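Structure first, then comments.
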Amino acid sequence: MPKKHFIPQQWEACSDENCIPICNKVYSSDCGNDRVNDVERIVSLIEQQGADIAPSYENWVKLGFALVDGYGENGRDYFMRLSSLHAGCTPEAAESQYDKCLRSGNSGITISTFFHLAKQAEISISIPNGKMAIWQNGNLRDHADKQNNSEISKSPNCQDGNMEISEEKEAVKVQNTKYPYCQNGKTDISAKWIFEEDELPLFPEEVYAHLPPFLDSVMRSAISPSDRDMLLIGAITVLSSTLDKVSGVYDERIVYPNLYLFVSADAGMGKGALTLCRELVAPINTELRTAARLQLADSDSSKEKDMPMLALIIPANSSASAFIKTLADNNGTGLMFETEGDTLSQTLKSDYGNYSDTLRKAFHHEPVSLCRRKDREFLELDCPKLSVVLAGTPGQVRNLIQDSENGLFSRFMFFNIKFERNIRNVFVVTDSKKSKTETFRQLGEQYKELSGKIQREASAYEVSIPPFLHAHFMDHYNQLNNECCEAIGNRMQGVVRRNGLMAFRIMMVLTLVRHLTDECYHPMPEGQSLRLECSDEDYHTSLTIAETMLYHSAYMFRQLEKPSSPASAFNRNDRREILYMMLPDSFTKQEYLAVVRQLEYSESTCNKWIDRYIEENRLRHCGHSKYEKVQRTSPDTLSSTAPP
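Sequential numbering of the sequence shown, starting at 1, is according to full-length UniProt numbering.
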């Protein structure tokens, strides 16, 4: 699919008619001197090492398109030099291929591919430490790249490596943190919704100020903000599987509280703590399994095959027929809980376990049926009530959901845990009775007692939102939908719509869990439902949680849009250097924004990098929305031309 270039109509607070698009192509062939020098340095390093950065024909073609995207006709010399290192390539073939790349126009391949291929060949794309010479106040000084050591540069307010921030600067920092997408009094929708992984928001503190008492007890075991968020949304999803008698009306349909969750993080980043949430419903699952074993012991062995498989937790590596039968044996209720997402993705790829359609249907409680010729087996579920909790690496997400058009994508809540370089103290607790495992087992027993109230009090529960909040809910999601579609694309509408359903389901869980911990008891006549209205605090808590999860889904949406994008291979320092290389010698904010969009980087992150360039004297602010690169000169050159 050809890539659509973004042309910014608006950056400063000006009307559309006063804003003129800069150009249809971000990278002109008239490149700045610094940018040419940077790429020249990388190409020279490749030649010195004799490295063929595009050994396959496919990569060789991509290299041509990448240089056309970045430099137009001026990239021909680079392509010829790099092609001379390509086995069996003649100058005539290289010339012909580059002509084809120029004529083809927009291929969707960007200059990032060049840097990606160089890095794959172990070529350094960063400016070496101590090699950058700059002029400051008329004097030459060496400037080493500090990015590898710290994101915080020392300033007059920094003492012994500790940052001291004045009250005025701290106020600005807080304001920018709260409204990171607001510039010059005007909101930039794209900057609001497009983030790097390490910028994704966590749940605000007000969420934890109004939780039901039981969930508040669960949160006390958290060791970090991200761990606390993961435990909260994990607990809500797990508990949703036990509330099969709870329903509500949403979009003129009866819905149940069941949720789907995928926690994504690099290996060893703490997502394994999600298994603690499983302990919250383990006693209920154990009770069902014990009942099944007792039935089996009392039955005739010839009827063993027909005995129901009672269980709340259903393994992901089940055959399609076993999965549906287990759901049917448990009145359509179940919880799939897997800490390795590949378990499910591998099962769905097999002939016997392809029940992807069942997962999609179960999210909306649509009927599921199965017919097998062998044993004349016929199974039908009128209203499945399935909850799903998965964890895995970003690669495991892609194995399960290959692209954002996959129907499973919009049915899942995603929570991404950012990478943090540290080793936590693993000996804080050494007594098994005080371990988190034991704590959550006790919480599971406590919840089992609480859930017994559901069976005794009423045959069913109906949860609703107070009528005076209906308009607020619709206004809120209309705004989210408009923002997401404008910033990311119209296909985000399906994600936003289902996020609204998720918010309603979270309200149902919070309302019931709060009701279970209330001392009041409302026994209802047989066959009658107990009506519960969502409290104002649970309403706003649910909306806040759901909106935060929408940010994570928007991030994952962008990752799945181009799963093979080379940008993901770069670390933060690489991306910072690439942005600097691609900026012309002088530019405006409009031009800068276009480059950021072309590289598919986060605007808020790049704003910080622009400030870093200025702090490092690599860039100067030359007036309203105008910037200039500071010309770099090597120390040897300067010493030879300096006056005596």
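Cβ atoms here follow ideal geometry from the backbone N, Cα and C, with glycine treated the same way. Computed from a predicted structure; not experimentally measured.
Check	Outcome
Which residue wins for smallest C-alpha separation from Glu-197, given the options Arg-572, Leu-619 and Tyr-613?	Arg-572
For the candidate residues Leu-530, Asn-499, Gln-528 and Arg-575, whose alpha-carbon lies nearest to that of Leu-543?	Asn-499
Measure the C-alpha to C-alpha separation of Tyr-71 and Leu-102 and round it to an integer number of angstroms.	10 Å
Buried or exposed for Ile-109, please, with buried defined as at least 16 other CB atoms from any protein chain shown within 10 angstroms of its CB.	buried
In angstroms with no decimal places, state the Cα-to-Cα distance between Lys-154 and Met-507.	In this prediction, Lys-154 scores a pLDDT of 34, lower than 50, which makes its location untrustworthy; the coordinate-derived value is nonetheless stated afterwards. About 46 Å.
So, for Pro-180: in the same chain, excluding its five sequence neighbours on each side, which residues have a beta-carbon less than 6 Å away from its beta-carbon?	Note that Pro-180 has pLDDT 34, beneath the 50 cutoff, so the model's placement of it is unreliable and no number is given.
Tell me, to the nearest whole angstrom, how far the beta carbon of Asn-399 is from that of Gly-341; I am working on the premise that it is less than 8 Å.	7 Å
If you compare alpha carbons, which of Arg-253, Asn-354, Gly-353 and Gly-392 is closest to Gly-270?	Gly-392
Could you check the C-alpha separation between Leu-379 and Ala-322 for me, to the nearest Å?	10 Å
Report the CB separation of Asn-478 from Gln-493 in whole angstroms; it is logged as a contact under 8 Å.	Not confirmed; about 11 Å, so no contact.
Which residue wins for smallest C-alpha separation from Ser-319, given the options Gly-332, Glu-547 and Thr-343?	Thr-343
Rounded to whole angstroms, what's the CA-CA distance from Ala-93 to Leu-579? Just pull it up for me.	31 Å
For the candidate residues Cys-277, Ile-313, Ala-265 and Lys-433, whose alpha-carbon lies nearest to that of Glu-287?	Ile-313
What does His-621 pair with, by DSSP beta-bridge criteria?	Tyr-627
Skipping 5 residues on each side, what residues in its chain have a beta carbon closer than 6 Å to that of Asp-403?	Leu-560
Per DSSP, what kind of secondary structure is Thr-242 in: helix, strand or coil?	coil
How would you call Ile-236, buried or exposed, if buried means at least 16 neighbouring beta carbons within 10 angstroms?	buried
Which of the three DSSP states is assigned to Gly-88 in this structure?	coil
Between the Cα of Val-388 and the Cα atoms of Ala-222, Ala-121, Thr-242 and Gly-268, which residue gives the shortest distance?	Thr-242
What distance in whole Å lies between the Cβ atoms of Val-513 and Ser-410, which are believed to be in contact at a cut-off of 8 Å?	Actually they do not touch by this definition, with Cβ atoms about 26 Å apart.
Using 8 Å for Cβ pairs, my map puts Ile-454 next to Arg-558. What's the rounded Cβ distance?	In fact, because the Cβ distance is near 40 Å, the residues do not count as touching under 8 Å.
Using the Cα positions of Glu-462 and Leu-501, report the straight-line distance between them to the nearest angstrom.	16 Å
Are the CB atoms of Leu-202 and Leu-215 within a distance shorter than 9 Å?	no
For the region 275 to 341, which segments carrying the beta strand (DSSP E) assignment without a break, of at least 3 residues, lie completely within its bounds, in sequence order?	333 to 338
Starting from Ile-254 and walking both ways along the beta strand (DSSP E), at which residues does that stretch end?	253 to 255
For Ser-350, is the classification buried or exposed, using 16 other Cβ atoms within 10 angstroms of its Cβ as the cut-off for buried?	exposed
Are residue 713 and Met-413 touching if we call contact CB-CB under 9 Å?	Any answer about residue 713 is impossible in this case: the structure gives the chain only from 1 up to 644.
Where are the beta strand (DSSP E) runs, 3 residues long or more, that stay fully inside the region 398 to 446, in chain order?	413 to 416
Alpha carbon to alpha carbon, how far is Glu-366 from Pro-257? Give it in angstroms, no decimals.	14 Å
According to DSSP, is Leu-390 helix, strand or coil?	strand
Short of 8 Å in beta carbon distance, which residues of its chain neighbour Lys-433, apart from the five on each side in sequence? Order them along the chain.	none
Terminal residues of the continuous beta strand (DSSP E) containing Glu-483?	Here Glu-483 belongs to no beta strand (DSSP E); instead the alpha helix (DSSP H) covers 470 to 487.
Can at least three beta-carbon pairs, one atom from the region 49 to 64 and one from the region 81 to 90, be found at a separation below 8 Å?	yes
Can you tell me the Cα-Cα spacing of Cys-534 and Thr-511, whole angstroms?	6 Å
Decide yes or no for the touch test of the region 355 to 369 against the region 516 to 533: beta carbon pairs closer than 8 Å, at least 3 of them.	no
Where Ile-401 and Met-556 are concerned, what is the direct C-alpha to C-alpha distance, given to the nearest angstrom?	10 Å
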